Amino acid sequence: MPPRALRAYRGARGRWDRNDPLFDVDAEPGGPLALLYESVTHLPGYFTYDDTVAFSLLMATQNISGVSGDVLEIGSYHGRSTVIIAQHVKRGERLIVCDTFEEATEDTYPDPPSPDGLRRTLSRFAPDMGGTLEIHACRSDEMNLDGASLRFVHIDGGHSHDVALHDLRLSAAHLAPHGIIAVDDYKHPAWREVTTAVDAFLDESGFHVLADVNRWAESGRKLYLTSSGSDTSHTA
Ligand SMILES: C[S@@+](CC[C@H](N)C(=O)[O-])C[C@H]1O[C@@H](n2cnc3c(N)ncnc32)[C@H](O)[C@@H]1O
587 MPPRALRAYR GARGRWDRND PLFDVDAEPG GPLALLYESV THLPGYFTYD
637 DTVAFSLLMA TQNISGVSGD VLEIGSYHGR STVIIAQHVK RGERLIVCDT
687 FEEATEDTYP DPPSPDGLRR TLSRFAPDMG GTLEIHACRS DEMNLDGASL
737 RFVHIDGGHS HDVALHDLRL SAAHLAPHGI IAVDDYKHPA WREVTTAVDA
787 FLDESGFHVL ADVNRWAESG RKLYLTSSGS DTSHTA
């Protein structure tokens, strides 16, 4: 039975539990974030609507709370996630992007992007970005982040244990007060080493999970990590 009908049926028989995680697949979200996400779905990539909402809420909340600093994305691919992130980068901040682009890595992706293509995508879909764009076309272990103070990081580059752990450590070493690290593909069955890397990082670092988000249409979860506060752990 389709979810909407199932919901109505259960409701009519008094058997609808409000905590039932039934997902309304027919919902058609409206408003600016849905329109923004729709504008980038033609770009090859893996960023979901749920990611768009979570990133936008977190970064906008940082902005109204006075949290500032540079923003880093490791693994932009064609910029689907980068465009969403760029909407919230303010004047005086840098959007630092690291991707191997056409250079081969241990993970392979169809139709590799180019730095110029990413620049064009950002100027078309994030024309109002206040900060400056800095693209590092290299592996993340070749990138120099000296002087960076990061308030938000998206880690979605190499998926081996060593690379993911490197990216977490590097981000943590440059994280600004109240900074947040979002890491993709936790518990993804095809990328098991991301999970071992995140678990090792959590064991060694003093960071904790701010949110653990299971997303519609994704096998892995997006984890949001922070070292700020200590009683803010939630699961979505
Ligand atoms: C999963 S894709 C990123 C998807 C994008 N964030 C999105 O949501 O649409 C991973 C990207 O990371 C890049 N990559 C892989 N290994 C890397 C490494 N060691 N350093 C930097 N980038 C890497 C790949 O070239 C690819 O473009």
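In my numbering, the protein residues as written are 587 to 822.
Built from N, CA and C at the ideal position, the CB exists for glycine as well.
Computed from a prediction, not measured in an experiment: that's the story for all the values here.
Check whether the Cβ atoms of residue i and residue j lie closer than 7 Å to each other.
i    : j    : result
V657 : V639 : no
D727 : H745 : no
A690 : H747 : no
F687 : S667 : no
G655 : R737 : yes
L704 : G765 : no
L681 : G717 : yes
L811 : I767 : yes
S662 : V683 : yes
Y772 : G743 : no
L619 : S651 : no
Does residue i come out as helix, strand or coil in the three-state DSSP assignment?
i    : result
V611 : coil
T691 : coil
V657 : strand
D727 : helix
H747 : helix
V639 : helix
H752 : helix
S814 : coil
R801 : coil
D771 : strand
R677 : coil
L622 : helix
R599 : coil
A591 : helix
T782 : helix
T627 : coil
T668 : helix
A758 : helix
Can you tell me whether residue i sits near ligand 3, meaning its C-beta is under 6 Å from at least one heavy atom of the ligand?
i    : result
K808 : As far as ligands go, the structure on display features ligand 1 and does not contain ligand 3.
Nearest CA to the CA of residue i: which residue from the options?
i    : options                   : result
A799 : S805, L809 and F793       : Per the sequence shown, the amino acid found at residue 799 is Val instead of Ala. Looking at the Cα atoms, L809 is the closest of the given residues.
D636 : A734, L811 and A797       : A797
C724 : D742, A672 and I660       : I660
L788 : E804, D771 and L754       : L754
F609 : W802, F633 and S814       : W802
A734 : I721, L719, A750 and A762 : A762
S625 : D770, T707, W777 and A750 : T707
H794 : R677, W777, A786 and S813 : S813
P698 : P630, H760 and V611       : P630
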